[in-house]
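Sequence order for the protein chains is A and B. The opening position of the first sequence corresponds to residue 0 in numbering that gives the first Met the number 0, with each subsequent residue numbered one higher. The opening position of the second sequence corresponds to residue 0 in numbering that gives the first Met the number 0, with each subsequent residue numbered one higher. Cβ atoms here follow ideal geometry from the backbone N, Cα and C, with glycine treated the same way. Bear in mind that the values here come from a model prediction, so they are computed numbers and not experimental data. Working notes for the structure below.
Number of protein chains: 2
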Amino acid sequence: MIVRIDYNSDEAFYVQLKNQIIMGIATAEIREGESLPSVRDLAELIGINMHTVNKAYSILRQEGYLKLDRRKGAVVSLNADRMRAIEEIRFQMKSVVAKALCRDLGAQDIHKILDDVLEEFYGVRSVEH
Amino acid sequence: MIVRIDYNSDEAFYVQLKNQIIMGIATAEIREGESLPSVRDLAELIGINMHTVNKAYSILRQEGYLKLDRRKGAVVSLNADRMRAIEEIRFQMKSVVAKALCRDLGAQDIHKILDDVLEEFYGVRSVEH
DNA sequence: TTACTGTTATATTTTTTGTATAACAAATAT
DNA sequence: ATATTTGTTATACAAAAAATATAACAGTAA
């Protein structure tokens with residue numbers, strides 16, 4: 000699992016980390032049941048504070064991506080409220096579509112972009128989800 | 000143009016405002032050449048500070064959604080670098096797709112969501128873009 | 001003139017973010 | 001049993017971002 004923090008980004012460290020872990024789960028780099036590095040290890044690995052990693056992990060648990068266990072550490076466990084998750088996805092999709100429409104992209108154009116991104120993901124994924 | 004600030008959101012006021020204006024342009028509630036309320040008016044209308052509105056307007060200009068004119072105020076003017084805009088759209092689309100894949104949504108499911116959102120937009124739009 | 005535009009400057013307060021040090025309880029390993 | 005490692009919590013602090021407040025300027029329009 001490759002994690003890279005962009006110090007020049009306008010996104011907070013914990014947000015970048017959170018999103019990259021979601022990417023890792025989506026691409027099956029990290030699979031359900033597997034553990035992530037401990038908060039201390041990952042913090043030292045990427046050169047940030049322990050509590051920043053802990054914040055990302057906590058939010059990922061709250062949003063239903065992880066299960067935090069003292070025994071095994073942070074384990075991928077996708078048991079979120081699926082309805083709530085899809086609502087959030089719709090909300091974000093709406094934002095993307097709005098920007099696309101502003102640039103005079105049509106429905107076909109946006110579907111094409113979605114297909115490109117999907118292909119990018121499927122190409123990376125080692126096993127079907 | 001309806002603008003609504005969610006005080007409980009984790010998004011900054013100026014980000015919420017920025018996104019809602021983009022939505023307004025996408026749905027053609029505000030059309031190219033039309034003016035938005037002045038920074039002072041909009042600030043008072045939604046109950047936030049003038050500078051917060053000004054920040055949203057400035058960023059929207061920088062990202063190529065508005066043209067700011069002392070005469071006419073903030074005018075919708077979509078003359079952004081299209082390549083750059085589409086890159087940004089792809090980046091955000093990638094984030095959406097990642098979350099969707101984590102919830103075991105397939106390509107068809109995501110295309111369906113996209114279609115729903117598009118229909119929502121087209122339904123609202125008074126004239127073709 | 002008078003009033004309105006975006007814009008800039010300055011200052012202050014509040015919130016968020018990131019870091020630092022420390023400790024606790026549960027589980028694991030040696 | 002001892003030592004180590006887990007997530008977790010608490011506290012404190014510094015830095016940055018966000019939001020507000022007041023004021024002023026230059027261009028425009030009625």
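Hey, residue i and residue j are a contact pair by Cβ (cut 8 angstroms); roughly how many whole angstroms apart?
i        : j       : result
B:Leu59  : B:Ile20 : 6 angstroms
A:Leu113 : B:Ile85 : Rounded, the Cβ-Cβ distance is 13 angstroms, inconsistent with contact.
B:Val52  : B:Leu41 : 5 angstroms
A:Glu28  : A:Met49 : Not really, about 23 angstroms apart at Cβ, beyond 8 angstroms.
A:Ser34  : A:Lys71 : 5 angstroms
B:Val95  : A:Val95 : 6 angstroms
Establish whether the CB of residue i and some CB of chain A are separated by less than 9 angstroms.
i        : result
B:Thr26  : yes
B:Asn7   : no
B:Phe120 : yes
B:Glu87  : yes
B:Asn134 : The requested residue 134 of chain B is not part of the displayed model; chain B covers only 0 to 128.
B:Tyr13  : no
B:Leu16  : no
Closer than 9 angstroms by beta-carbon distance: list the chain B residues that pair up with residue i, in chain order.
i        : result
A:His110 : His110, Leu113, Asp114 and Leu117
Which residues bound the beta strand (DSSP E) around residue i?
i       : result
A:Leu65 : Leu65 to Asp68
Would you kindly report the start and end of the unbroken alpha helix (DSSP H) that includes residue i?
i        : result
B:Ser57  : Met49 to Gln61
A:Arg30  : Careful: A:Arg30 lies outside any alpha helix (DSSP H) and carries neither H nor E.
A:Gly122 : Ala106 to Val123
B:Asp40  : Val38 to Ile45
B:Ile88  : Arg81 to Cys101
Taking the alpha carbon of residue i as the point to measure from, which residue in the options has its own alpha carbon closest?
i        : options                                   : result
A:Ala25  : A:Ile4, A:Leu77, A:Asp5 and A:Asn48       : A:Leu77
A:Val123 : A:Asn7, A:Ile112 and A:Gly23              : A:Gly23
A:Gly105 : B:Ile109, B:Tyr121, B:Glu86 and B:Ser8    : B:Tyr121
A:Arg30  : A:Val75, A:Glu118, A:Asp80 and A:Gln107   : A:Val75
A:Gly46  : A:Ser94, A:Val116, A:Val2 and A:Leu100    : A:Val2
B:Lys54  : B:Lys93, B:Ala11 and B:Phe90              : B:Ala11
B:Glu62  : B:Lys71, B:Thr51 and B:Asp80              : B:Asp80
A:Val116 : B:Asp115, B:Val116, B:Glu118 and B:Leu100 : B:Leu100
A:Glu119 : B:Lys93, B:Gln15, B:Glu118 and B:Arg102   : B:Lys93
B:Ala97  : A:Gln91, A:Leu35 and A:Ala97              : A:Gln91
B:Arg39  : B:Tyr56, B:Glu33 and B:Gly32              : B:Tyr56
A:Lys111 : B:Tyr13, B:Ile88 and B:Pro36              : B:Ile88
A:Arg102 : B:Arg102, B:Arg83 and B:Asp5              : B:Arg83
Residues of chain A with CB under 8 angstroms from residue i, in chain order?
i       : result
B:Gln91 : Gln91, Ser94, Val95 and Lys98
B:Arg30 : Result: empty, since nearest Cβ-Cβ is about 11 angstroms, beyond 8 angstroms.
Does the beta carbon of residue i sit closer than 9 angstroms to a beta carbon anywhere in chain B?
i        : result
A:Ile4   : no
A:Ala84  : yes
A:Ala42  : no
A:Ala55  : no
A:His128 : Here the model assigns A:His128 a pLDDT of 39, short of 50, so the residue's position is not dependable and the matter cannot be decided.
Could you work out which residues of chain B lie near residue i, taking near to mean beta carbons separated by less than 8 angstroms?
i        : result
A:Leu65  : Per Cβ cutoff of 8 angstroms: no residues; A:Leu65 is ~11 angstroms from chain B at best.
A:Arg102 : Leu77, Ala79, Arg81, Ala84, Ile85 and Ile88
Below 7 angstroms on C-beta distance, what does residue i contact in chain A?
i      : result
B:Met0 : None at all; the shortest Cβ gap to chain A is about 14 angstroms.
Kindly list, in the order they appear in chain B, the residues whose Cβ is closer than 7 angstroms to that of residue i.
i        : result
A:Ile21  : Ala97, Lys98 and Cys101
A:Ala106 : Leu117
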